[in-house]
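Undergrad: In the working numbering, the protein residues as written are 25 to 192.
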Amino acid sequence: MENFSTKQVKNIALLGHAGSGKTTLAECMLYEAGLLSRRGTVEEHNTVSDYQPIEQERGSSIFATPLHTEWKGYKINILDTPGNDDFVGEVIASLKVADTGVMLLNAAFGVEVGTDILWEYTEAFKTPMIFAVNQADHDKADFERTVEQAKNHFSKKVTVVQYPLETG
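1. Three-state secondary structure (DSSP) at Gly40?
2. Is the separation between the beta-carbon of Asn158 and that of Ser44 shorter than 7 Å?
3. CB-CB under 7 Å to Thr139, same chain, minus the five flanking residues each way: which ones, in chain order?
4. Less than 7 Å between the beta carbons of Gln80 and His69, yes or no?
5. What separation, rounded to the nearest whole angstrom, lies between the Cα atoms of Gly71 and Ile100?
6. In the DSSP assignment, find the unbroken beta strand (DSSP E) run with Ile102 in it and report its ends.
7. Using the C-alpha atoms, what's the distance from Met153 back to Ser61?
8. With three or more C-beta pairs closer than 8 Å as the rule, is the segment 108-120 touching the segment 48-61?
9. Helix, strand or coil for Lys34? Go by DSSP, reduced to three states.
10. With distances taken Cα to Cα, identify the nearest neighbour of Leu119 among Arg82, Thr151 and Pro90.
11. Go through its chain and collect everything with a Cβ distance to Val121's Cβ below 6 Å, but skip five positions before and after it.
12. Could you have a look at Ala174 and say whether DSSP puts it in helix, strand or coil?
13. Using the Cα positions of Gln173 and Val137, report the straight-line distance between them to the nearest angstrom.
14. CA-CA distance, Phe155 and Asn27?
15. Ile86 lies in the alpha helix (DSSP H); which residues open and close that run?
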C-alpha cells in the first residue's frame, strides 16, 4: 500500500436508518475500486463489512466497520455504521473521525426516524453531509418525495446534484 500524507486521507462515514443500504453501498465502493472480484450481499451474508457471525445472523450491522480503498491519489477510509439506534455509540465514534458523512435515504420510505436521530449527531459534530437517495428501483420509490422530505427535515439548502433516470 502506498504511503499517503494526511491531506490525502479522507474518512467517510456511511449513515442512515436501518436497511437504507449502507453496507451494500460500501460493498459496491470496494468492488468499483477493484478490491473485490465480486460483490457480496447482505442477503447472502457475505459482505466484507458484516463479517461478525451475529451480524450475518441478524442481516444487519452492529459494529462500525472501517474499510479502505485508494482512489485517484487518495486513501479513502469508509466507515460502515449500523442503522439501528441501539448501536448509536458506533455512529458517534465514527462521526468523531469522519471528514464527511453520507446519509442514505431509502427512496421507498423517505426520511425515517433513525435518519432524524443520526442528523442530530451530525449537527452536534458539525459533520459536512451528502445525502444519497438509495433503492430507487424499489416498487414504492419516490425520489421527489424523498428529496422534499429531506428539505423539510434538514434544510431548504438540500440540493439535487443528480437525478435518477427512472424509479420503481
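Each residue gets a CB set at the ideal place from its N, CA and C atoms; glycine is no exception.
The model shown is predicted, which means the values in this text are computed figures rather than measured ones.
TA: Let me spell this out:
1. Gly40 falls in the strand class under three-state DSSP.
2. Contact check for Asn158 against Ser44 passes: the beta carbons are separated by less than 7 Å.
3. Same-chain partners within the cutoff: Gly40, His41, Met127 and Leu129.
4. Contact: yes.
5. Residue identity check: residue 71 is Thr in the sequence provided, not Gly. Their Cα atoms are separated by approximately 18 Å.
6. Unbroken beta strand (DSSP E) run through Ile102: Tyr98 to Asp104.
7. Each residue's alpha carbon lies about 30 Å from the other.
8. Judged by Cβ distances under 8 Å, the segment 48-61 makes no contact with the segment 108-120, as fewer than three pairs qualify.
9. For Lys34, the three-state secondary structure derived from DSSP is strand.
10. It is Thr151.
11. The beta carbon of Val121 lies closer than 6 Å to those of Asn35 in the same chain, with the five residues before and after it left out.
12. Residue state, collapsed to three classes: helix.
13. Rounded to the nearest angstrom, the gap between the Cα atoms of Gln173 and Val137 is 12 Å.
14. It is roughly 30 Å from the alpha-carbon of Phe155 to the alpha-carbon of Asn27.
15. Ile86 -> no alpha helix (DSSP H), and no H or E assigned at all.
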